[in-house]
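**Q**
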Ligand code: 5AD
Ligand code: SF4
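Residue numbers (this note's numbering): 15 to 447.
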């Protein structure tokens, strides 16, 4: 008999991508599932949701409608992730075709609830940190590993503390063990995941050996066979000198850093409860550049936060101009339930926010074009991790740039020096030297 088929759609961040791998691993513990991209073939359909902005949440219910239409008889539908945590049983009330709802912090309960009709598990106190998930990785060459779950901040725009609960640091021996296993299976690169990775070590549930993020990085870099360490995301507030010195000097740490700005205005940063000022943010970026001029810096920016004036927005543009972020993830502010900012008066009209977003993105595109054009003829060390069509293989440089090179399977898992032969906004073409 052929094994059951799973159709899984993942929205949101890297944390969710890893949660989907955990979901697949948990299912496989009970019985083997094969992944399918065809809805009508699936025995189980899962949508792993995001609730950080309103759009993906409203999309959920239209998607459930599509699933209902195309699913085969007897196929189950599960809603997991942040919107599952946030809406809970209301999802089943609104869409009774949904068989189960499993919150972002409850993945390890999956095998217990999968056969219960209309089960809902969204406990936020549930501690999945001593987890013992099975091994499942979409890409064996690069492993994602959680170092913490939840969030201990209270940024006034953000729903995440309400969907993923309080922050818990995962014991370092579990992290090291998981990375060693991944390395044995062929991974040379690890991506450490946490809502605020450099807050690591503040919230252990046990009295085991404690380390902070810098110490954890040092420990991980001692793992034989591991060549590259990435992490996402550090919080600007916790970017102390010791951490930045380790980032710059440890050869295994990739020289790419995501530093979420959110706003360049100190006034708005205060209203967002981010805990830093424009000057602190600029100072931390300056320090990165001093210690590590080759590092690429990326960021997240929200425009149209309540009360954002033209001067506030000009501060954001000013930070963009000074730091010249290589990647920019920019969003229009979206009021979220359970957040303080959704109650603020002075919400910004949509047209104003849209205009600012366009302006910000346009300027960033110009900066990105200049950065990418300046790469022509340069050499980068590229780790190849994905086969592409047309005889191409792709990989990332140490500083996170996407490369396409002519090549086949034997390059997978290899690190090679590549000279840039063609530049474009999203990726670089090159030849191995
Ligand atoms: N509206 C718009 N963007 C948001 N983000 C988080 N909450 C909101 C919101 N309410 C953005 C932040 C965060 C990224 C993951 O999503 O920039 O860093
Ligand atoms: Fe990730 Fe935040 Fe979306 Fe949850 S709400 S999936 S933590 S981006």
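Ideal Cβ placement from N, Cα and C applies to all residues, glycine included.
Given the structure is predicted, the values throughout are model-derived calculations rather than measurements.
1) Under 8 Å by Cβ, that's how I've got residue 163 and residue 232 pegged, so tell me the actual separation to the nearest angstrom.
2) Would the stretch 65–76 count as touching the stretch 31–45 if we require 3 or more Cβ pairs under 8 Å?
3) Per DSSP, which residues does residue 420 bridge with? Please list them.
4) List the DSSP bridge partners of residue 155.
5) Could you check if residue 72 belongs to the surroundings of the ligand 5AD, using beta carbon to heavy atom distance under 7 Å?
6) At a threshold of 7 Å, does residue 263 count as lining the ligand 5AD (C-beta to nearest heavy atom)?
7) Given 7 Å as the limit, tell me if residue 295 has its C-beta closer than that to any heavy atom belonging to the ligand 5AD.
8) Taking all protein chains shown into account, decide if residue 415 is buried (16 or more other Cβ within 10 angstroms of its Cβ) or exposed.
9) Please identify the residue among 409, 443, 431 and 393 whose C-alpha is closest to the C-alpha of residue 156.
10) Measure the alpha-carbon distance for residue 281 versus residue 424 and round it to whole angstroms.
11) Would residue 278 pass as a contact of residue 292 if the rule is Cβ separation under 8 Å?
12) If you run the structure through DSSP and keep just helix, strand and coil, what is residue 448?
13) So the candidates are 117, 22 and 62; which of them puts its Cα closest to the Cα of residue 49?
14) Any heavy atom of the ligand SAM closer than 7 Å to the Cβ of residue 171?
15) Strictly by DSSP, which residues pair up with residue 251?
16) Helix or strand or just coil, what does DSSP make of residue 186?
17) Is residue 211 close to the ligand 5AD? I mean its beta-carbon at under 7 Å from any heavy atom of the ligand.
18) Determine which residues share a DSSP beta bridge with residue 394 and list them.
**A** Quick look at the numbers:
1) Residue numbering aside, residue 163 sits at position 149 when the chain shown is read from its first letter. Residue numbering aside, residue 232 sits at position 218 when the chain shown is read from its first letter. That belief does not hold up - the Cβ atoms of residue 163 and residue 232 are roughly 22 Å apart, past 8 Å.
2) no
3) By one-based count along the chain shown, residue 420 stands at place 406. Bridge partners of residue 420: 406.
4) For the purposes of this step, residue 155 is identified with residue 141 of the chain shown, where counting begins at 1. The partner list for residue 155 (beta bridge, DSSP) is empty, contrary to what the question assumes.
5) Residue mapping note: residue 72 aligns to position 58 of the chain shown, counting from 1. Every heavy atom of the ligand 5AD is 7 Å or more from the Cβ of residue 72, so no.
6) On the chain shown, residue 263 is found 249 positions in, with the first residue counted as 1. Not so, every heavy atom of the ligand 5AD lies at least 7 Å from the Cβ.
7) In the chain shown, residue 295 corresponds to position 281, counting from 1. No, Cβ of residue 295 sits at least 7 Å from all heavy atoms of the ligand 5AD.
8) One-based indexing of the chain shown puts residue 415 at position 401. Buried: at least 16 other Cβ atoms inside 10 Å.
9) Taking the first residue of the chain shown as position 1, residue 156 is located at position 142. Ranking 409, 443, 431 and 393 by Cα distance to residue 156 puts 409 first.
10) Taking the first residue of the chain shown as position 1, residue 281 is located at position 267. Taking the first residue of the chain shown as position 1, residue 424 is located at position 410. Residue 281 and residue 424: Cα-Cα distance of roughly 53 Å.
11) By one-based count along the chain shown, residue 278 stands at place 264. By one-based count along the chain shown, residue 292 stands at place 278. It is a contact, given that the beta carbons lie within the stated cut-off.
12) The structure shown has nothing for residue 448, since the chain only spans 15 to 447.
13) As a working note, residue 49 is residue 35 in the chain shown. Residue 22 is the option with its Cα nearest to residue 49.
14) For the ligand SAM, the structure offers nothing, since it holds only the ligand 5AD and the ligand SF4.
15) In the chain shown, counting from the first residue as 1, residue 251 sits at position 237. Residue 251 is not bridged to any residue.
16) As a working mapping, residue 186 is identified with position 172 in the chain shown. Note: residue 186 maps to helix in three-state DSSP.
17) The sequence position of residue 211 within the chain shown is 197, counting from 1. No, the beta carbon of residue 211 sits no closer than 7 Å to any heavy atom of the ligand 5AD.
18) Locating residue 394 in the chain shown gives position 380, where the first residue counts as 1. DSSP output for residue 394 lists 432 as bridge partner(s).
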